[in-house]
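Peer 1: Chains as they are written, first to last, in our numbering: chain A, 1 to 207; chain B, 208 to 382; chain C, 383 to 561.
Questions regarding the structure given below will be posed in turn.
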Amino acid sequence: MRFPPPLSFVLIAALSSPLAAQGTSSWRPEETARLQAVLDSAVASSLPISPLRFKVAEGNVKGAAPERVIVVVRSLADAMREARAILGREESETELVSAAATLQSGVSGETLRSLFGSLRIRSASTQVFVAMTDLTQRGVPVSEGASTLMQLARAGAGAPAFEQLRSEIASDVSAGLAARTAVRRRADDYLSRGFTPQGSVFRSPSP
Amino acid sequence: MSDVDDKIPPTVAEAMRHLRPPAEPDDEQVAAIVGAVRRDRRTRVWSGVTLAAAAALVLMLVRPDTRQADMPVPDTGARSVVFEINAPDAHRVALVGDFNAWDASAHPMIASAGRWELSVPLSPGRYTYAFIVDGENWRADPAASLASADDFSRPSSVVVINPVNTSMTSTSVRQ
Amino acid sequence: MENGEASALIDLVRRARSGDMAAFTDLVRQHHGRCIRYAERALGSRADAEDAVQRAFVRMYRALGRYREEERFSSWLVAIVANECRAMRRQSGRRLMHEVADDDAVQRAVADPPAGDETVRIERAIGRLDPLLREAFLLRHVEGLSYREMERVIGARESALKMRVMRACEALRAFLEER
């Protein structure tokens, strides 16, 4: 195991970091064992482990009970397995975790598969999953969000376009617009402008 | 070349001869700028070291003998990402997330006229993060993507750093 | 810019990029005054200009690794300052349209150091421009950016930028012909 030199720094960090007080060291042995079983199972399925470890750290710092942390980690691991089955084995960790988050936000595997399949630009997958999760979290009905994103994907939207969409909808919502209205307006606008070969939205003339 | 075509009306061109020239360098301001850059550099170097230490720590607590190769550690390919949030009444704001093992002491943000910001080197990947205002108020990044809100009953945001090209997803990054 | 000057500047940039703070300080000294003038005119306030320029230089330092030497350094830097000024206006909640530099502020600005009547007139006229027109005019005819360089700052198409510059010139002419 590799430590950053000097070793004493890590020990100092261990003593002073809030993780020392809130880490799994304060859990009961049976709780730690159950968490370990989830992680071992994930390792055995060749799933990436760091996303799961991050979830543990996040849960601990947010003051969640061990039981809750275990449930969340298990749920993430299950979502990653399902996402992998849909995306195939060549996916990147980032793509996989983004797809898993989409499933966890309430989007069905079938919808995820259709969304993935509608992309003309394969490298846009992570961004379209992030956009899908975002829309669902904002209360846009899944079928509506998915069909809009698929429409954009089929028209040639790529990573930059989906990121722009997500970011502009965030601004629109901050300014008081309903998410459903925002997504429809932005999507119609992008479709009327069209996309570059790299998947960006063509800029429109400004006043 | 089209740039040659745009002419300035003679009265305007004549008046522009009287425009104030560039100001003389102000020693105090130059020093303030250089000082700000030095502090910014220190924060970024420190965050790199702290991140590696925090990553090693989480590793120890969860699974002592698993390969550390799974842990992302800042290396070449890391890009500086600016995180920012408006919190005019805050006394302190901490940036926490996957990149610092959610350690509230790792990335204290820097205040500037009610807005708080910090630049952090991140390798390509997907990171969940949040801001903690005054030690207890959790806030997501209003300009960024929402993470699963229900995980632990506290808001979070997501940032995705793409490899290869310079684009990135989420966060209200300027520039 | 003379060849000798140009290569001295590139040398400074390279050294600053590799962490030489003395070289970076020199870069700041050489460009600070020009940046302040732009920001002052764009924002209508010296204090805001100093804030914006400081942030711009910090961002410039962070971005040095991305600076490509075939770009004009001064244009690249002014672009960062211009972006910072835009961000500052948005952040402080001011509307971009219909806001014009306070006449008193212009007066104060040109009082230090004391300026002649002609200077006051042109600076005040620029201050009266609509902010979008002012920005386009300053970048094109004061800072000397090409339309391509301006597109990167403002994100509008060249045709729109030319229109803004033209309208700015017309407005300035009208202001200057007032008596």
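A virtual CB, placed ideally from N, CA and C, is assigned to each residue, including glycine.
If you check the beta carbons only, do M80(A) and A100(A) fall under 8 angstroms apart?
Peer 2: Contact flag set, yes.
Peer 1: Could you list which residues in chain C have their beta carbon closer than 7 angstroms to that of M316(B), in chain order?
Peer 2: Residues of chain C passing the Cβ test: none, with the nearest at roughly 14 angstroms.
Peer 1: Would you list the one or two residues that DSSP bridges to T324(B)?
Peer 2: Correcting the residue identity first, residue 324(B) is Glu in this sequence and not Thr. Answer is E291(B) and I317(B).
Peer 1: With distances taken from CA atoms, which of E531(C), Q412(C) and D512(C) is nearest C551(C)?
Peer 2: Looking at the Cα atoms, D512(C) is the closest of the given residues.
Peer 1: Tell me, please, whether the stretch 151-158 of chain A touches the stretch 120-139 of chain A by the rule of three or more beta-carbon pairs shorter than 8 angstroms.
Peer 2: Contact holds: three or more Cβ-Cβ distances are below 8 angstroms.
Peer 1: Could you check whether the Cβ of G199(A) sits closer than 8 angstroms to any Cβ belonging to chain B?
Peer 2: Taking Cβ atoms only, chain B never reaches closer than 8 angstroms to G199(A), which makes this a no.
Peer 1: Please list the terminal residues of the continuous beta strand (DSSP E) segment that includes S364(B).
Peer 2: Counting along the chain, the beta strand (DSSP E) containing S364(B) begins and ends at S364 to I368.
Peer 1: Nearest-angstrom Cα distance between E452(C) and A388(C)?
Peer 2: Spanning the two alpha carbons is a distance of roughly 11 angstroms.
Peer 1: So is I292(B) buried or exposed if we call it buried at 16+ other beta carbons inside 10 Å?
Peer 2: Label assigned to I292(B): buried.
Peer 1: What are the residues in the stretch 434-449 of chain C lying within 7 angstroms of chain B by C-beta distance?
Peer 2: Under the 7 angstroms Cβ criterion, the stretch 434-449 of chain C contributes Q436, F439, V440, R441, Y443, R444 and A445.
Peer 1: Across the stretch 92-107 of chain A and the stretch 124-143 of chain A, are there enough close Cβ pairs to call them in contact, namely three or more that are closer than 8 angstroms?
Peer 2: Touching, yes.
Peer 1: Looking only at its chain, what residues have a beta carbon closer than 7 angstroms to the beta carbon of I49(A), apart from the 5 residues adjacent to it on each side?
Peer 2: Hits under 7 angstroms: L39, A42 and V43.
Peer 1: Would you give the residue range spanned by the beta strand (DSSP E) that G332(B) belongs to?
Peer 2: Element bounds for G332(B): G332 to V340.
Peer 1: Where does L226(B) fall in DSSP's three states?
Peer 2: In the structure shown, L226(B) sits in coil (DSSP, three-state: anything other than H, G, I, E or B).
Peer 1: Would you say E560(C) and H225(B) are within 8 angstroms of each other, going by their C-beta atoms?
Peer 2: Contact flag unset, no.
Peer 1: Run down chain A in chain order and give the residues with a C-beta less than 8 angstroms from the C-beta of A332(B).
Peer 2: The identity of residue 332(B) in the sequence shown is Gly, whereas the question assumes Ala. Those are E93 and T94, listed as they occur along chain A.
Peer 1: Going straight from the alpha carbon of S363(B) to that of K55(A), what length do you get?
Peer 2: Answer to the nearest angstrom: the Cα atoms are 12 angstroms apart.
Peer 1: Leaving aside the five residues before and after A431(C) along the sequence, list all residues of the same chain whose C-beta is less than 6 angstroms from its C-beta, in chain order.
Peer 2: Closer than 6 angstroms at Cβ, skipping near neighbours: I418, A421, E422 and L425.
Peer 1: Using CA atoms only, rank isn't needed, just tell me which of S400(C), A445(C) and F519(C) is closest to R546(C).
Peer 2: That would be F519(C), whose Cα lies nearest to the Cα of R546(C).
Peer 1: Out of curiosity, what's the CA-to-CA distance linking A387(B) and W345(B)?
Peer 2: The structure shown does not extend to residue 387(B), since chain B is modelled only from 208 to 382, so the question has no answer here.
Peer 1: Give a yes or no on contact between the stretch 325-337 of chain B and the stretch 67-84 of chain A, applying the rule of three or more CB pairs nearer than 8 angstroms.
Peer 2: Touching, no, given that fewer than three Cβ pairs across the two stretches are closer than 8 angstroms.
Peer 1: To which residues does DSSP link F195(A) through a beta bridge?
Peer 2: Paired residues: V201(A).
Peer 1: Determine which residues share a DSSP beta bridge with L353(B) and list them.
Peer 2: Bridge partners of L353(B): S364(B).
Peer 1: Less than 8 angstroms between the CB atoms is what I'm expecting for S108(A) and V367(B), so what's the real figure, rounded?
Peer 2: S108(A) to V367(B), Cβ: 23 angstroms. No contact.
Peer 1: Quick one: using the 10 Å Cβ neighbour count with 16 as the cut-off for buried, is S125(A) buried or exposed?
Peer 2: Buried.
Peer 1: Less than 8 angstroms between the C-beta atoms of I536(C) and M223(B), yes or no?
Peer 2: No, the Cβ-Cβ distance between I536(C) and M223(B) is not below 8 angstroms.
Peer 1: Tell me which same chain residues have a C-beta within less than 7 angstroms of the C-beta of M442(C), skipping the five on either side of it?
Peer 2: If we look at M442(C) and ignore the five residues flanking it on each side, its Cβ neighbours are L459 and I462.
Peer 1: Looking at the C-beta of S98(A), does it have a partner C-beta in chain B at a distance below 8 angstroms?
Peer 2: Chain B, which has a Cβ nearer than 8 angstroms to the Cβ of S98(A), makes this yes.
Peer 1: So what does DSSP say about W345(B), is it helix, strand or coil?
Peer 2: Correct three-state label for W345(B): strand.
Peer 1: For A301(B), write down the residues that DSSP places opposite it in a beta bridge.
Peer 2: Its beta-bridge partners are P315(B) and I339(B).
Peer 1: Answer with yes or no whether the minimum CB distance from F54(A) to chain B is below 8 angstroms.
Peer 2: Taking Cβ atoms only, chain B reaches closer than 8 angstroms to F54(A), which makes this a yes.
Peer 1: Could you tell me how far apart the beta carbons of T218(B) and L558(C) are, in whole angstroms, since I believe they sit closer than 8 angstroms?
Peer 2: With a Cβ gap of about 5 angstroms, T218(B) and L558(C) count as contacting.
Peer 1: Taking only runs of the alpha helix (DSSP H) that begin and end inside the stretch 155-183 of chain A, which ones reach a length of at least 4 residues, in chain order?
Peer 2: Runs found: 159-174.
Peer 1: How far does the alpha helix (DSSP H) with E531(C) in it extend, from its first residue to its last?
Peer 2: Per DSSP, E531(C) belongs to the alpha helix (DSSP H) from Y529 to I536.
Peer 1: Helix, strand or coil: which one does DSSP assign to L329(B)?
Peer 2: In this structure, L329(B) counts as strand in the three-state DSSP scheme.
Peer 1: Under a Cβ-count criterion, where at least 16 other Cβ atoms within 10 Å of its own Cβ denotes burial, should I12(A) be classed as buried or exposed?
Peer 2: Low confidence applies here, because I12(A) scores a pLDDT of 32, under 50, leaving its location unreliable and the question unanswered by this model.
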